[in-house]
Amino acid sequence: MPAQRIIRFLKNWTLPVAITIGAIAYLTFYLIKPLDNLGNRLAPGFDLIFPLFVFLTLLVTFCKVDFHQMRPHRWHARVLLAQLLLIAANIAVIYSIRDNQQHKILGEALLTCIIGPTASAAPVVVGKLGGNISTMTTYVIISSLASAILIPLVFPILEHTLHVHFITAFINILNKVAIVLLLPLLLGWIIQHRMPQLQQRIAKMPNLSFYFWAVSLSITSGITVKNIVHSNAHVSLLLAIAATTLTLCFLQFVIGRAVGRWKGEELNAGQALFQKNTALSIWVAYMYLNPVASIGAGCYVLWQNIVNSIEIWQTRKKH
242 MPAQRIIRFL KNWTLPVAIT IGAIAYLTFY LIKPLDNLGN RLAPGFDLIF
292 PLFVFLTLLV TFCKVDFHQM RPHRWHARVL LAQLLLIAAN IAVIYSIRDN
342 QQHKILGEAL LTCIIGPTAS AAPVVVGKLG GNISTMTTYV IISSLASAIL
392 IPLVFPILEH TLHVHFITAF INILNKVAIV LLLPLLLGWI IQHRMPQLQQ
442 RIAKMPNLSF YFWAVSLSIT SGITVKNIVH SNAHVSLLLA IAATTLTLCF
492 LQFVIGRAVG RWKGEELNAG QALFQKNTAL SIWVAYMYLN PVASIGAGCY
542 VLWQNIVNSI EIWQTRKKH
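The working numbering puts the sequence shown at residues 242 to 560.
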């Protein structure tokens with residue numbers, strides 16, 4: 242039946258479909274002039290919808306977390322060390338090419354995709370792949386704290402004219418993460434321990450958080466296309482950013498899996514290192530680096546979710 246094939250296709254490739262819908266929706270409003278003004282009026286609404294769906298995604302996921310397993314593990318330290326080594330290597334490259342402005346922007350675009358914390362929605366994807374949601378949630382918190390420390394330390398080194406007050410930047414970054422991450426975590430704990438009937442209803446809808454995340458991803462892809470369309474950067478630089486972030490995505494994925502293989506945590510460690518909070522990365526690039534560097538994180542979100550889709554498809558095929 243054609244309808245069944247369509248439904249099966251949408252289930253297998255939900256994330257690429259969400260990316261495509263977001264990109265086409267933005268281009269439609271941008272290219273058709275009568276819709277352009279309507280799009281501008283709708284933009285504030287999407288600015289509210291995006292964090293709401295991220296919040297709902299995490300709330301549903303955290304209702305299933307085993308809070309007794311939420312403690313640091315050895316693979317957490319190894320993934321964090323791998324991230325620090327990648328940051329150091331990237332800084333060394335940026336310093337070697339700092340006299341070439343386009344190359345420097347390219348290096349900074351890659352840095353935002355390395356130094357950013359693990360995506361808040363990483364536990365959602367890990368859950369779909371059969372990994373440990375609880376230990377992944379712990380690492381998301383650790384990674385967010387580490388990025389809040391590293392970003393105000395590293396970025397002033399790259400931009401010598403930039404004066405970043407460490408405490409202010411640290412608090413701003415944590416504030417961006419805490420509302421979306423810690424509040425649903427707290428509410429998830431309350432629902433588990435005080436509202437068991439609601440928790441059971443949520444547990445009966447295993448894909449709910451995944452589809453919430455697909456809506457968020459669709460909005461993110463539209464924002465990414467908007468940033469590319471309105472960028473003043475040369476096409477060659479945009480193509481270079483897209484190509485190098487694709488390479489970086491696979492590199493972090495492979496390194497993360499290799500690190501996790503030592504402790505039988507290949508799946509969790511792979512997602513922890515390569516799946517990034519690109520919304521935060523885009524924000525810090527605008528705040529502290531050349532705004533064009535933010536396109537790197539915008540491209541990265543497309544690549545990482547294509548990889549996630551392939552993983553989910555392979556998992557479904559296997560089971």
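Beta carbons: idealized from backbone N, C-alpha and C, even for Gly.
Does residue i come out as helix, strand or coil in the three-state DSSP assignment?
| i | result |
| --- | --- |
| Lys-445 | coil |
| Lys-517 | strand |
| Met-242 | With a pLDDT of only 49 at Met-242, under the threshold of 50, the placement of this residue in the model should not be trusted; the figure read from the coordinates follows. It is coil, neither helix nor strand. |
| His-471 | coil |
| Lys-252 | helix |
| Met-311 | coil |
| Glu-507 | helix |
| Leu-530 | coil |
| Asn-373 | coil |
| Val-456 | helix |
| Val-525 | helix |
| Val-306 | coil |
| Ile-247 | helix |
Quick one: give me the first and last residue of the alpha helix (DSSP H) that residue i is part of.
| i | result |
| --- | --- |
| Phe-491 | 476 to 502 |
| Ile-356 | 342 to 356 |
| Arg-557 | 535 to 559 |
| Lys-417 | 407 to 435 |
| Ser-337 | 315 to 337 |
| Phe-270 | 255 to 272 |
For residue i, which beta-bridge partners are listed by DSSP?
| i | result |
| --- | --- |
| Thr-465 | According to DSSP, Thr-465 bridges with nothing at all. |
| Thr-359 | Lys-517 |
My assumption, with CB atoms under 8 Å, is that residue i sits in contact with residue j. Please give the rounded CB distance.
| i | j | result |
| --- | --- | --- |
| Ile-328 | Asn-531 | Not quite, the Cβ-Cβ distance comes to about 18 Å (not below 8 Å), so this is no contact. |
| Cys-354 | Leu-489 | 6 Å |
| Ser-459 | Thr-298 | About 13 Å; that fails the 8 Å criterion. |
| Gly-429 | Leu-293 | Not a contact, Cβ separation roughly 16 Å. |
| Ile-414 | Ile-432 | Ile-414 to Ile-432, Cβ: 28 Å. No contact. |
| Thr-461 | Val-542 | 6 Å |
| Asn-546 | Leu-256 | 4 Å |
| Trp-254 | Val-365 | About 16 Å; that fails the 8 Å criterion. |
| Ile-496 | Ala-323 | 6 Å |
| Ile-382 | Phe-411 | At roughly 15 Å, the Cβ-Cβ gap does not stay under 8 Å, so Ile-382 and Phe-411 are not in contact. |
| Gly-463 | Ala-266 | 6 Å |
Assuming contact is defined by CB atoms lying nearer than 8 Å, are residue i and residue j in contact in what I supplied?
| i | j | result |
| --- | --- | --- |
| Ala-513 | Tyr-336 | no |
| Ile-536 | Ala-350 | yes |
| Leu-521 | Gly-263 | no |
| Ser-385 | Leu-325 | no |
| Ala-526 | Ala-538 | yes |
| Asn-518 | Ala-360 | yes |
| Leu-268 | Val-466 | yes |
| Trp-554 | Leu-487 | no |
| Phe-303 | Leu-426 | yes |
| Gln-516 | Ala-363 | yes |
| Lys-504 | Arg-315 | yes |
| Cys-540 | Ala-483 | yes |
| Gln-343 | Leu-479 | no |
| Thr-485 | Leu-370 | no |
| Gln-441 | Ser-375 | no |
| Leu-279 | Phe-270 | yes |
| Leu-508 | Gly-372 | yes |
| Val-306 | Thr-378 | yes |
| Val-418 | Ile-332 | no |
| Val-320 | Val-548 | no |
| Val-367 | Gly-348 | no |
Residue i: beta carbon under 7 Å from a heavy atom of the ligand PLP?
| i | result |
| --- | --- |
| Ile-414 | Judged by which ligands are present, the structure shown has none, so any question about the ligand PLP falls away. |
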